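K.L.:
If you read the sequences in order, they're chains D and L.
First residue of the first sequence: 25, per our numbering; consecutive thereafter.
First residue of the second sequence: 6, per our numbering; consecutive thereafter.
Handing you this structure, nothing more for now.
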Amino acid sequence: MVQSRRDFLCALPTITAGAALALPAIASATGEESGKHHWVMVIDLQKCIACQACTMACIMENAVPEDSFRTFVPTYEVHEGKQTATYMLPRLCNHCTKPPCVPVCPVGATFKLKDGVVAVDGDRCVGCGYCVQACPYEARFVNHDTGKADKCTFCLHRAEAGLLPACVETCVGGARIFGDMNNPNSAVRKLAEQNKLKVLKPESGTQPNVFYLGLDTRFQGSVKGIGTLWRPSGHGG
Amino acid sequence: MESHITEVLNVTPGVTWLPWAVSYIFLIGLSYGSFLLTMPYFVFGRAKQEKLGRLALLAALACGLTAPIALTADLHGPGRFLNFYLHFQPQSWMSWGSLFIPAYLFSLLLYAWLALRGDFAQLGKDGDSLPVRLYRLAGQGGAAPRMAIVAAALLTLAGTALMALYTGMEIMTIQARPLWNTAFLPLLFTATACSGAVGLSLLFNRFIGDRDSQLETGLNRLLLPALAIVLALVGAWLFTGISSSAAWFNRIAETSQWRLTTVVVVLSILLPMALAIRRPASSGLINGLIAVSSAWLIRWFIIIGGQSIPKTDAGLYHYHLPLGSDGLLGIIGTLGLWIALLLLMLEYLPWAGQAFADRTKNRPDVLADSAITQR
């Protein structure tokens, strides 16, 4: 399976052929049946330029309603002595191995697939927002159009078609790397082996599957600083 | 080297649990708190507590029947509640709540029916109009056996315990919200439910009852320890190191908006306590108003205030109450429904009991004189 933009382009002929396969074969390829895949994302913060192309691509791909975001790149200004630097931290659902959003759901509408993706069954969801409250990463929201829980799915519909998630596909700096941690040849696996990857809020015990390269510990948890200077128009509050 | 972080760009997620949730937890608390106040008369047979028992039963029913409507409104689609029963999840407190709410309400309705069965029978004695026939149907068998009332009260008491437990635990178990993730929360909800219910009975005594000063004094005496417990719990929750919430409270207390809210909350506890000591026989109206408001305010502080603390972002989210159904209109609508239910019950339920039925038979104008009169 593809692991990065470069891998993806190399694998394009295979993917094109794969698109012609029958649906059961695609489901098998995503590992949903066997659980042989373990989808993760690695974000190399040194490559992120906060262009928000990922934010826009996600909105367009997933019809995310106005003022809501499945992924976003908060931007910070860090002052140290006389020096000032900009820090970017792309955020999205962490598809945790132990997702706190799953056990609280009163109707079992949110669950973890065998390939590691945390998904929401829109037909079953009652929009109670319990999972939104339980998520320590502020990665969920109640969709204003549907009145149901919404979140990043790692663009599962694209993965099933052999495509990369929209945010990975569009990332200008190649900061987002998506792939199968179970595949020893995948870019994410190699990055994990060669670097010390960090996760957000490790103390919460959620075991995220979104990893960061170059994550400053000051941004690992709840950021202590001055609140945002500009926000999109608020909703519900 | 010392560093300062300024968040330049981010998004405000907004509150997910809207004022509907505050209304629900407020009303269900008042309902089970009021139910507890009915027990001295209906269960333990203390005749002196008849007025309180009957007024509190009215409050328990009006609040209990309105509360689930507010909760359903928060689901963004009323029919969705069916999914709770189609897909029960034993690991979710909210899922258990979907069972506890009807269990509590049905046991409360059973208890109310048994408690008032004698009154129904009395009202159904003469006439053939539809209400009289309905009274006759409801009152078949006459006054219910004491054991039946006690059994129904025990059922409702179990429902009360489950409601108090689940409403607190549902919020307490959310580790992602440090202001909520404390054992003080279920205790605080229960304590404010009781103080609010005493406050509501004070108001009912003033506006529906016959302004009994003896009852007013008694309720004020009851309000005092209830508020003292609330004060101790609020203090321990927010100001001591016993709870991890204290550190997070310090963070939100940096804003003037929340500092003011905290002062108002503390005053809303201290002021009625002082009045209950100084003027127990004449402070019913103001104490009732403040005690009920305090129960609302503390829930607002917890639920809306808790959501104003970002989980990952810097600073605080600022909440502005929308005017529409997700905000002010929703609160007013819930209050309107509560008043409508109350008026319906005042019109059709023999809430003033046997004495009322006896009196109305001879003196139809008795309700105008005094809604509640001793036998």
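Note that CB positions come from ideal geometry on N, CA and C, so glycine has one too.
Owing to the predicted nature of the structure, the values given are computational and were not obtained by experimental measurement.
To the nearest angstrom, how far is it from the Cα of Leu220(L) to the Cα of Lys248(D)?
P.N.:
Rounded to whole angstroms, Leu220(L) to Lys248(D) spans 52 Å at the Cα level.
K.L.:
Using only the alpha-carbon positions, how far apart do His103(D) and Thr252(D) sit?
P.N.:
Taking the straight line from one Cα to the other gives about 15 Å.
K.L.:
Just the chain D side, please: which residues come within less than 8 Å of Phe89(L) by C-beta, in chain order?
P.N.:
Neighbours of Phe89(L) on chain D, chain order: Pro130, Val131, Val150.
K.L.:
Counting C-beta neighbours from all protein chains within 10 Å, is the total for Thr177(D) 16 or more, i.e. buried, or is it exposed?
P.N.:
That one is buried.
K.L.:
Hey, Ser246(D) and Gln180(L) are a contact pair by Cβ (cut 8 Å); roughly how many whole angstroms apart?
P.N.:
Incorrect: roughly 13 Å between the Cβ atoms, too far for contact.
K.L.:
Which first and last residues belong to the alpha helix (DSSP H) in which Tyr116(L) is found?
P.N.:
Counting along the chain, the alpha helix (DSSP H) containing Tyr116(L) begins and ends at 98-128.
K.L.:
Can you tell me which of the three DSSP states Tyr100(D) falls into?
P.N.:
DSSP places Tyr100(D) in strand when its eight states are reduced to three.
K.L.:
Compute the Euclidean distance between the alpha carbons of Lys136(D) and Lys225(D), then round it to the nearest angstrom.
P.N.:
Their backbone Cα atoms lie some 20 Å apart in a straight line.
K.L.:
Let me make sure I understand the geometry here. Which of Thr134(D), Val192(D), Gln218(D), Ile250(D) has the alpha-carbon closest to that of Leu116(D)?
P.N.:
Comparing Cα-Cα distances from Leu116(D) to each of Thr134(D), Val192(D), Gln218(D), Ile250(D), the minimum goes to Val192(D).
K.L.:
Pick helix, strand or coil for Ala49(D), following the three-state DSSP scheme.
P.N.:
Confidence in Ala49(D) is poor, its pLDDT being 37 and thus under 50, which makes the residue's placement unreliable; the coordinate value appears in the next sentence. Correct three-state label for Ala49(D): helix.
K.L.:
Does any residue of chain D bring its CB to less than 7 Å from the CB of Ala319(L)?
P.N.:
So yes, Ala319(L) belongs to the interface.
K.L.:
For Met350(L), name the three-state secondary structure that DSSP assigns.
P.N.:
Helix.
K.L.:
Show which residues of chain L have a CB atom less than 8 Å away from the CB atom of Lys136(D).
P.N.:
Per Cβ cutoff of 8 Å: no residues; Lys136(D) is ~14 Å from chain L at best.
K.L.:
Have a look at Ile176(L) and Ile30(L) and give me their C-alpha separation to the nearest angstrom.
P.N.:
Their backbone Cα atoms lie some 11 Å apart in a straight line.
K.L.:
Does DSSP put Thr197(L) in a helix, a strand or coil?
P.N.:
Helix, per DSSP.
K.L.:
What is the DSSP secondary structure of Thr260(L), counted as helix, strand or coil?
P.N.:
Thr260(L): coil per DSSP, three-state reduction.
K.L.:
Buried or exposed, going by whether 16 or more other CB atoms sit within 10 Å of the CB of Ser200(L)?
P.N.:
Looking at its Cβ environment, which holds 16 or more other Cβ atoms inside 10 Å, Ser200(L) is buried.
K.L.:
Mark Ser134(L) as exposed unless 16 or more other C-beta atoms lie within 10 angstroms of its C-beta, in which case mark it buried.
P.N.:
Classification for Ser134(L): exposed.
K.L.:
Is the beta carbon of Met99(L) sitting closer than 7 Å to the one on Pro130(D)?
P.N.:
Contact flag set, yes.
K.L.:
Are Ser206(L) and Leu23(L) closer than 7 Å when you measure CB to CB?
P.N.:
Taking 7 Å as the Cβ cut-off, Ser206(L) and Leu23(L) do not qualify as a contacting pair.
K.L.:
Should Ala75(L) go down as buried or exposed, given a rule of 16 or more other Cβ atoms within 10 Å for buried?
P.N.:
Under this definition Ala75(L) is a buried residue.
K.L.:
Output needed for Thr77(L): all residues of its chain with C-beta closer than 6 Å, excluding positions within five of it in sequence on either side, in chain order.
P.N.:
Hits under 6 Å: Pro83, Phe86.
K.L.:
Could you give the residue range of the beta strand (DSSP E) that holds Lys136(D)?
P.N.:
Per DSSP, Lys136(D) belongs to the beta strand (DSSP E) from 134-136.
K.L.:
CA-CA distance, Gln244(D) and Cys78(D)?
P.N.:
So the two alpha carbons sit approximately 21 Å from each other.
K.L.:
Alpha helix (DSSP H) containing Phe89(L): first to last residue?
P.N.:
Per DSSP, Phe89(L) belongs to the alpha helix (DSSP H) from 87-91.
K.L.:
Can you pull the chain L residues whose beta carbon is under 7 Å from the beta carbon of Pro208(D), in chain order?
P.N.:
None at all; the shortest Cβ gap to chain L is about 33 Å.
K.L.:
Verify the CB distance criterion: does Gly249(D) have a CB-CB separation below 7 Å to chain L?
P.N.:
Taking Cβ atoms only, chain L reaches closer than 7 Å to Gly249(D), which makes this a yes.
K.L.:
Report the three-state DSSP secondary structure of Tyr171(L) (helix, strand or coil).
P.N.:
Helix, per DSSP.
K.L.:
Which bits of chain D does Ile10(L) rub up against, with CB to CB less than 9 Å?
P.N.:
Neighbours of Ile10(L) on chain D, chain order: Tyr100, Glu101, Val102, His103, Tyr111, Arg242, Phe243, Val247, Lys248, Gly249, Ile250.
K.L.:
Secondary structure at Met65(D), three-state DSSP: helix, strand or coil?
P.N.:
Met65(D) falls in the strand class under three-state DSSP.
K.L.:
If the cut is a Cβ gap below 9 Å, which residues of chain C does Ala158(D) touch?
P.N.:
Protein chains D and L are contained in the structure displayed, whereas chain C is not.
K.L.:
Between His61(D) and Asn233(D), which are expected to be in contact by the criterion C-beta below 8 Å, what is the C-beta distance as a whole number of angstroms?
P.N.:
With 8 Å as the limit, His61(D) and Asn233(D) do not qualify as a contact, their Cβ atoms being about 11 Å apart.
K.L.:
Within a Cβ cutoff of 8 Å, which residues of the same chain sit near Met112(D), ignoring the five residues on either side of it in sequence?
P.N.:
Around Met112(D): Leu69, Cys72, Ile73, Ala74, Val97, Pro98, Thr99, Tyr100.
K.L.:
Is it buried or exposed for Thr3(L), if we count other Cβ within 10 angstroms and need 16 for buried?
P.N.:
Here chain L comprises residues numbered 6 to 380, so residue 3(L) is not present and cannot be evaluated.
K.L.:
By how many angstroms is the C-alpha of Ile234(L) removed from the C-alpha of Ala169(L)?
P.N.:
When rounded, the distance between both Cα atoms is 16 Å.
K.L.:
Taking the straight line between their C-alpha atoms, what separation do you get for Val297(L) and Thr17(L)?
P.N.:
If I take the Cα positions, the gap works out to 32 Å.
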